[in-house]
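All letters in the sequence shown, in the order written, are residues 223 to 590 by the working numbering. See below for the structure under consideration.
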Amino acid sequence: MKVPFLDLKREYAELRGEILPALDRVCRDAAFVQGPEVEAFEREFADFCGAKHCIALSNGTAALHLGLLALGVQPGDEVITTPNTFIATAEAITYCGARPVFVDIDPSTANLDPGQIENAVTARTRAILPVHLYGRPADMNPIREIAARHGIRVLEDAAQAHGARYRQQRVGRLGDAAAFSFYPTKNLAAYGEAGALTTDDDRIAGFARIARSHGQTARYEHEFVGYNYRMPGLQGAVLRVKLRRLYAWTERRREIACEYRRLLEGAPLQIPADDSRDECVYHQFVIYTGNRAGLAAQLAERGIETAVHYPKPLHVQPAYLSLGFPRGTFPNAERACERVLSLPVHPGLTPEQVAYVGNSVKEILGTT
Ligand SMILES: Cc1ncc(COP(=O)(O)O)c(C=O)c1O
């Protein structure tokens, strides 16, 4: 049996009948940049998140960048975030001329450890940037409390967490603003690059709408130096079709995760904990094992693809060595990156494939 890590070709075959007419609408209108499909997607995604505004953008990194700028992050500021994430989280901070200040993760969730954040706050801290890693909401209540106590802002990195819930509230309005990615591998994915910022704050939304299009307030009137961060019309059309499927796809991801947990009971590995008050959307289903390379190789021999998210924490990436956080500074993130392995969890998996993956992992690792 073959188990691909992702199966975007199968997904397209299923959606083709809806996607092609949607793309055709955009082409017939020649609405290639923003336009009616993107505007309709903005309304639908804002409703989905329960947020007042959605600003469609060119990708998730642009959403993080504009989100931080909208929160007033400036050169010389510090922004607190996790080293256990994709590099875009930290890059957006760097683009503002600010300094990423990493804080270690809670090993049981792989998200920022709120208990360690306050120690990292200085007079220069302008914002906290928690990541809802793997689709599991970060612990937002203590994060918001710390931010309120110190008069700093909160931007959610929700790139992996479309539709996740924290204490019954969807991500996307748990901080001052939230950044989403619709990169093709995400739970809600475009056919190319795309992203969005959501917020309840009119001022943040107003800034982002102008900043995404060269600081333009009226045709060829440029209020400030902005960016070309607009979403193509074709991506808006694809995202609208897929958004209608997202509830069902998320449900399926959660079922698969539940089945993996059942199948892997008693196996010598760890799985991040789900808080029963929250809803993880399982962008990734990860396990931790001391024998990652061996396990991945044996799974590959059985036709099962796996991936590693992520093999190195950001503080030891060459790009961020100059921040001066030597190996050993964030032991939980470092240990997680050495041991983490992502199993296939996409909604197209059959029950037989899920059982095959779960049983294979258990057979290879044995039981405790
Ligand atoms: C946690 C996280 N933040 C930010 C991004 C950046 O999004 P994009 O690739 O759309 O720029 C990604 C995805 O790639 C991500 O996984």
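Note that CB positions come from ideal geometry on N, CA and C, so glycine has one too. None of these values were measured; they are calculated from a predicted model.
Check, Outcome
"DSSP state of E556 mapped onto helix, strand, coil", "helix"
"Buried or exposed by the 16-neighbour rule on C-beta atoms within 10 Å, applied to Q390", "exposed"
"N281 CB to nearest heavy atom of ligand 3 below 7 Å", "No copy of ligand 3 occurs in the structure displayed; its ligands are ligand 1 alone."
"heavy atom of ligand 1 below 7 Å from Q457 C-beta", "no"
"Environment of F296 [buried if 16+ CB atoms lie within 10 Å]", "In the sequence under discussion, the amino acid at residue 296 is Gln, which differs from the Phe named in the question. Answer is exposed; the Cβ neighbour count stays below 16."
"Q539 Cβ short of 7 Å to ligand 1 heavy atom set", "no"
"Unbroken stretches of the beta strand (DSSP E), 3 residues or longer, contained in the stretch 364-418", "375-379 and 399-403"
"Boundaries (first-last residue) of the beta strand (DSSP E) holding S564", "V562 to L565"
"Residue closest to G382, alpha-carbon to alpha-carbon, out of L355, R392 and H372", "Here the sequence assigns Gln to residue 382, which means Gly is not the residue at that position. Closest option to Q382, Cα to Cα, is L355."
"Nearest residue (CA-CA) to T472, options R358, E300, P226 and S564", "R358"
"8 Å contact criterion, which T283 and A314 should meet: CB distance rounded", "6 Å"
"CB contact below 8 Å: A342 versus chain B", "Reference to chain B is not applicable here, since this structure consists of a single protein chain."
"Three-state secondary structure (DSSP) of Q457", "helix"
"Residue ranges of each beta strand (DSSP E) within the stretch 291-322, 3 or longer", "300-303"
"CB of L629 within 8 Å of CB of D379, strictly", "For the chain, the structure presents residues 223 to 590; residue 629 sits outside this window and is missing."
"Short Cβ contact (8 Å threshold) for L293 with R348", "yes"
"Helix, strand or coil at E440 according to DSSP, with G and I counted as helix", "Note on identity: in this sequence residue 440 is Ala, with Glu being the wrong assignment. Strand at A440."
"Beta strand (DSSP E) runs wholly inside the stretch 338-367, at least 3 long, in chain order", "347-351"
"Distance cut-off 7 Å: T311 Cβ against heavy atoms of ligand 1", "yes"
"Inter-stretch contact at 8 Å, needing at least 3 Cβ pairs: the stretch 257-276 / the stretch 447-464", "yes"
"Residues of its chain near D326, where Cβ-Cβ distance is below 6 Å and the 5 sequence neighbours each way are ignored", "D335, Q338, F552, N554 and A555"
"Minimum C-alpha distance to V301 - residue among P364, V343, E481 and S330", "V343"
"Nearest neighbour of L565, chosen from L517, K464, R499 and K534 [CA to CA]", "L517"
"Span of the alpha helix (DSSP H) around L242", "L230 to D251"
"Closer than 7 Å: S403 CB and nearest ligand 1 heavy atom", "yes"
"Buried/exposed call for N306, threshold 16 Cβ in 10 Å", "buried"
"Y510 vs R561 beta-carbon contact at 8 Å", "yes"
"Assigned exposure category for T572 - 16 Cβ within 10 Å defines buried", "exposed"
"For F254, three-class secondary structure by DSSP", "coil"
"Within 8 Å, strictly: CB atoms of G580 and L485", "yes"
"Own chain partners of A205 with C-beta closer than 6 Å, once the 5 adjacent residues on each side are dropped", "Any property of residue 205 remains undetermined from this structure, which presents the chain solely from 223 to 590."
"Between the CA atoms of E340 and I368 - distance to the nearest angstrom", "7 Å"
"Per DSSP, cross-strand counterpart(s) of F324", "T303"
"Which of helix, strand or coil DSSP assigns to N281", "coil"
"Pairwise C-alpha distance: A386 and Q539", "29 Å"
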